[in-house]
Every structure is written in structure tokens, then in C-alpha cells.
Amino acid sequence: MMVTKYTALFALGLLASAFGMPSSPPDPSYIKNCPGPMLPPGYGSVPNPDTPEAFLDYTEFKKAAFAASAPPGYDSIFVNLKSPIKGPNYYLGYHALKDYSISDCAEYCEETDGCEAFNIFFERSPKVDPNPKCKNPPSTTLITCSLWSLSPGKARAAASNDRGWRYEFHVVIAGSNGYIRGHKKDCPGYKIEYFGDSAINAPVDCKGEYTYMGYKRFDAGGYDVARCAKACSEQNEYNSAHPPTDGSKLRLCHFTNSYIEKKNGIPQAQYCALYSKAWHKKQATNNGQWQGKDHITISYSVGLTNVTGKHDACV
Ligand SMILES: *[C@@H]1O[C@H](CO)[C@@H](O)[C@H](O)[C@H]1NC(C)=O
């Protein structure tokens, strides 16, 4: 169902831009002065005068950006920049919004596999596709929600420079706010690494030592990376209180892989796979499997390594 919903959202986006075209005929003088294919109009207001300078200085955009607060589960990473997040390797698509709505954008991120960050902004866009006969058309203001699979450091760095020129039309951005999933919270003693849509698949280290210690599964309560850290630490308290009596070595959890398992796109449960040694992105190769007709996939996979001591598995 998630999959169809996701697809439906994309379809809706396309429909919205198709049906969003003005139903009344465009201003004839404007077409006469500036012929060319019409571009989908946006829903934001257009400053007067219609210039890039006025756009960048427009109070309404600033106000919207500063009034917005991070939605539950997300942290704000920047406010009111004049640039969007960039980085083709991490881009998951965009949605045209009717309002500058942080919660609508967060919802799109929630529904998109691998989405770690989102960026909402106003964009000065030409009403007519700029061309040699219409080099500087009037503008329309798009409100865009773009989705990203970025880690926080990368998202900050990625918000740079402007959109550039199309003939004599200057595409500029204002009120650009960025938000990132609040995964980093409440995992004291652990270092976090993002694996995206793959889980760790490496039970045995180079010495043949079995590092996997089983898993904890949570069926309710949303996605909370911190409970994997807790599960790992609690396992240690238990194991230390109940040391092996057969002479084998006491095994402690130093690494946990937190992820959501989905069945046909629908989240089933959060898993915390526990390991005695730390594994890294290279070993995150399990991206699910087919069980008969059911497609099992992994999302929001994160590795948490105990920062006290050295726990890397040999490879
Ligand atoms: C990290 O590992 C050390 C050494 O095994 C252990 O003493 C400590 O409790 C662990 N930290 C956490 C947060 O579990």
C-alpha cells in the first residue's frame, strides 16, 4: 500500500501541475511580448516589482521561513537561506506545494524510502520557457519540497549557490529551510553511521569469530534509533550478570544495526540487530529478499558503534 501511495503521490504531483495551469487564457499582451511555451505556475506570491532583487528581499518569504519550526522527529539544519540543497547522488525527487507547509513536506519525506532530509523553498521561476524571443519573461513563484538521502553534515554543505540564469531570466531562491531526521538524539556512548536501505550482512569476522548476537524487534512506537542503543547496552548488563558457565568467553554487544523492515513497502517492525564487533557501510549489503510474492525491504538503516574502546570487526 505504501508503494501505491508513493506512486500515487507522484501521479498527483504531475496532475497538480497539469491542472494547475490557468484555466483562463493567458494575458494576450504578455504572450505577444513574450511568446513561448507556458511553464507550470506556482502558488507563491510574486513581489512587485517582479525582479530577482525584490524576490530575494521579499518580506513574506522571510517571515514564512522564520515562522516555521521543525516537525516532530526532525531537526532544523538551516533557516531562510537563498540557496537550495544540491547533490545529485542524494536526490530523491521533489513535490510542488500549494503552501509553504513544513508538515506537508515532512509527510512526503516520511513516505519516501531512504529520505533523511528535506528542503522547502520559494523559487522564482519563469512563466514562459525563456527563449530567444522571450529572454526575460514575468515570473511565477514555485513552492518546492525536495527530498534527500543526506547525512546532516552533507546536507549543510550541500546548500550552496544559486540556480543561475535562463537567457536573461534570473532564477533565484528564498526562504530555503532544511530539516533532517533526528536520528542522532539520545544515543550517548554510540557513534552513528547511515546505511540507507541495506542492513549489515556479516555475522563472522576474519578470525571466524561469530559476531552476531541476535536481534530485538519492536512492533509499535514508531522508529526510534535510541532503543537499539538501549537494547545493546541492556544486553551487556544481562550477559555480564549471567556469564557463561561452560568456560566460553563473555560476549558483549558493541554494535547495533537499527532498521525498519518493510513488506511490500509497508513498515512491519523496527529491528535492532546486535553484534559484538562493529561493521561498516561496506558490509551493509542486505537489501531484503523476496518471500514468495512478498518483497521484504530495509529502510532507515543506521549503525551504532560503542565509542568506548576499539570494536571494529576484522575483515
Ligand atoms: C561500551 O563498551 C564498553 C566496553 O565493553 C562497556 O563497558 C560500556 O558499557 C559500553 N557502552 C555502552 C553505552 O553500552
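In terms of mature numbering (1 follows the signal peptide of the UniProt record, and there is no 0), the sequence shown is residues -20 to -1, 1 to 295. All C-beta atoms in this analysis are idealised placements derived from N, C-alpha and C, irrespective of residue type, glycine included.
Is residue i helix, strand or coil by DSSP?
{"i": "Cys39", "result": "According to the sequence displayed, residue 39 carries Thr and not Cys. Of the three classes helix, strand and coil, the one that applies to Thr39 here is helix, per DSSP."}
{"i": "Ser123", "result": "At residue 123 the sequence reads Ile, which differs from the Ser that was named. In this structure, Ile123 counts as strand in the three-state DSSP scheme."}
{"i": "Glu189", "result": "coil"}
{"i": "Ser49", "result": "coil"}
{"i": "Lys273", "result": "coil"}
{"i": "Arg207", "result": "helix"}
{"i": "Glu173", "result": "strand"}
{"i": "Ile246", "result": "strand"}
{"i": "Tyr70", "result": "helix"}
{"i": "Ile100", "result": "strand"}
{"i": "Ala264", "result": "coil"}
{"i": "Cys212", "result": "helix"}
{"i": "Pro21", "result": "coil"}
{"i": "Tyr218", "result": "helix"}
{"i": "Tyr195", "result": "strand"}
{"i": "Pro8", "result": "Note that Pro8 scores a pLDDT of 45, beneath 50, so its modelled location is shaky; the value from the coordinates is reported in the next line. Residue state, collapsed to three classes: helix."}
{"i": "Ser83", "result": "helix"}
{"i": "residue 296", "result": "One cannot answer for residue 296 here, as it falls past the ends of the chain, which runs -20 to 295."}
Compute the minimum distance between the beta carbon of residue i and the heavy atoms of ligand 1, and state whether it is under 7 Å.
{"i": "Asn157", "result": "no"}
{"i": "His222", "result": "no"}
{"i": "Gly169", "result": "yes"}
{"i": "residue 301", "result": "Shown here, the chain extends from -20 to 295; a query on residue 301 therefore has no answer."}
{"i": "Leu230", "result": "no"}
{"i": "Ser213", "result": "yes"}
{"i": "Asn216", "result": "yes"}
{"i": "His150", "result": "no"}
{"i": "His75", "result": "no"}
{"i": "His234", "result": "yes"}
Taking the alpha carbon of residue i as the point to measure from, which residue in the options has its own alpha carbon closest?
{"i": "residue 300", "options": "Ser105, Leu36, Thr277, Thr288", "result": "An answer regarding residue 300 cannot be provided, because it is not within the stretch -20 to 295 covered by the chain."}
{"i": "Gly268", "options": "Glu33, Ala179, Cys167, Ser220", "result": "Ala179"}
{"i": "Ala293", "options": "Asn219, Pro224, Glu189", "result": "Glu189"}
{"i": "Ala249", "options": "Cys167, His275, Phe198, Tyr280", "result": "Phe198"}
{"i": "His75", "options": "Thr31, Gly245, Tyr23", "result": "Tyr23"}
{"i": "Pro112", "options": "Glu148, Tyr88, Gly245, Lys42", "result": "Glu148"}
{"i": "Gly176", "options": "His222, Cys14, Tyr280, Lys42", "result": "Tyr280"}
{"i": "Trp259", "options": "Gly94, Thr31, Ala45, Asp185", "result": "Asp185"}
{"i": "Ile276", "options": "Phe46, Ile240, Lys262, His291", "result": "Ile240"}
{"i": "Phe46", "options": "Ser213, Gly53, Tyr80, Met18", "result": "Tyr80"}
Based on the DSSP output, what are the partners of residue i in its beta bridges?
{"i": "Trp145", "result": "His150"}
{"i": "His75", "result": "Cys125"}
{"i": "Leu61", "result": "Ser156"}
{"i": "Tyr279", "result": "Correcting the residue identity first, residue 279 is Ser in this sequence and not Tyr. In DSSP, Ser279 forms a bridge with Ile240."}
{"i": "Pro106", "result": "Ser119"}
{"i": "Thr288", "result": "Answer is none; Thr288 lacks a bridge partner."}
{"i": "Ser56", "result": "Tyr159"}
{"i": "Leu254", "result": "Thr236"}
{"i": "Asn111", "result": "Cys114"}
{"i": "Ala179", "result": "Asn266"}
{"i": "Val184", "result": "Tyr190"}
Is there at least one Cβ from chain C nearer than 8 Å to residue i's Cβ?
{"i": "Asp109", "result": "Included in the structure is just one protein chain, with no chain C present."}
Specify whether the stretch 84 to 100 and the stretch 117 to 126 touch according to this definition: at least 3 beta carbon pairs, one from each stretch, less than 8 Å apart.
Counting Cβ pairs under 8 Å, three or more are found: they touch.
Taking one C-beta from the stretch 199 to 213 and one from the stretch 270 to 277 each time, how about it: are there three or more such pairs within less than 8 Å?
Result no; under three Cβ-Cβ pairs closer than 8 Å.
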